[in-house]
Amino acid sequence: GLIDGLREIGAATVAGTLGHMGFRNPHMVGPVAQNHGKSIVGPALTLQFLPQRPDLFTEGEYADPETQLHRHVLYHAQEGDVVVVDARGDMSSGVFGDMMSTYFKGRGGAGIVIDGCMRDRPNVEKLDLPLWLRGWTPNYHVQTSIYPNAVNVPIACGGVTVIPGDIIVADDDGVVVVPVSMAPQVIEEAKSHHDWEEFSREKLMQGAPLQRYYPLHD
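Everything in the sequence shown is counted per the numbering used here, starting at 156 for the first residue and increasing by one.
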């Protein structure tokens, strides 16, 4: 399937291929790999935060856990899903902590991408759950200036539009968004690119001229 096809490629090649196809900025700016050596490919579940406003959000009304939308996005999670969160780049709001992360991993979640932060780093790191974040904070998610507004709506994360169901490809290079409709062509073109790069890499290691082998000239 599309997921398996993209899994063999990697974020850099996917981003370059999408660029050639006219999607010039498919990569997120902000979220970076927190546990190196991890790579994920999976469909996006989305969570949107907005700036707090007293007529739209009061923490008193939010006391009932079941009104907390950061929980609801996890209720939708199925095996292999990637939760993608627009936390507006906020560096003082911990979107998820260790209990939410544990629940998500227990449901088979593949990884979490946040344009913002998480909390409970010592315990979260023990889960070995793949994460791409701006950083960490001791604060909980609505402690300061943002609140979760909507689940599974189109969002902007790291400067990229993410539609629920888009395929997320993430590794140590970063996070790339692949529209489902573009995925088959990405796989086809990236496979060809990957094959000649492997050949060229071997030649370059042997001291062959860069001009001849990168890019490869027939």
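Beta carbons: idealized from backbone N, C-alpha and C, even for Gly.
Next on the checklist: Which runs of the alpha helix (DSSP H) at least 4 residues long sit entirely within the stretch 243-275? Give them in chain order.
Outcome noted: Listed in chain order, the complete alpha helix (DSSP H) runs (minimum 4 residues) inside the stretch 243-275 are 253-261.
Checklist entry - How would you label P220, buried or exposed, when you count the other beta carbons within 10 angstroms and need 16 or more for buried? => result Indexing the sequence shown from 1 puts residue 220 at position 65. Per the 10 Å Cβ criterion, exposed.
Checklist entry - How is the beta strand (DSSP E) around T213 delimited, first residue to last? => result Counting from 1 along the sequence shown, the entry for residue 213 is found at position 58. Segment: none, T213 is in no beta strand (DSSP E) and carries neither H nor E.
Checklist entry - Where does G139 fall in DSSP's three states? => result Shown here, the chain extends from 156 to 373; a query on residue 139 therefore has no answer.
Checklist entry - Hey, out of R208, M254, V268, E214, whose CA is closest to D236's CA? => result Counted from its first residue, the sequence shown places residue 236 at position 81. If we check each option's Cα against that of D236, V268 comes out closest.
Checklist entry - When the distance is taken between beta carbons, is V228 closer than 9 angstroms to G266? => result Working through the sequence shown from its first residue, we reach residue 266 at position 111. Working through the sequence shown from its first residue, we reach residue 228 at position 73. 9 angstroms or more divides the Cβ of G266 from the Cβ of V228.
Next on the checklist: Between the alpha carbons of S185 and V240, how many angstroms are there, rounded?
Outcome noted: Sequence index remark: in the sequence shown, residue 185 carries index 30 (1-based). Sequence index remark: in the sequence shown, residue 240 carries index 85 (1-based). It should be pointed out that residue 185 corresponds to Gly in this sequence rather than to Ser. The straight-line gap from Cα to Cα measures roughly 12 angstroms.
Next on the checklist: Given this structure, state the Cα-to-Cα distance separating W291 from Q340, to the nearest angstrom.
Outcome noted: In the sequence shown, counting from the first residue as 1, residue 291 sits at position 136. In the sequence shown, counting from the first residue as 1, residue 340 sits at position 185. Approximately 37 angstroms, taken between the alpha carbons.
Next on the checklist: Considering only heavy atoms of the ligand GDP, does any lie closer than 8 angstroms to the CB of Q340?
Outcome noted: The ligand GDP is not part of the structure shown, which contains no ligands of any sort.
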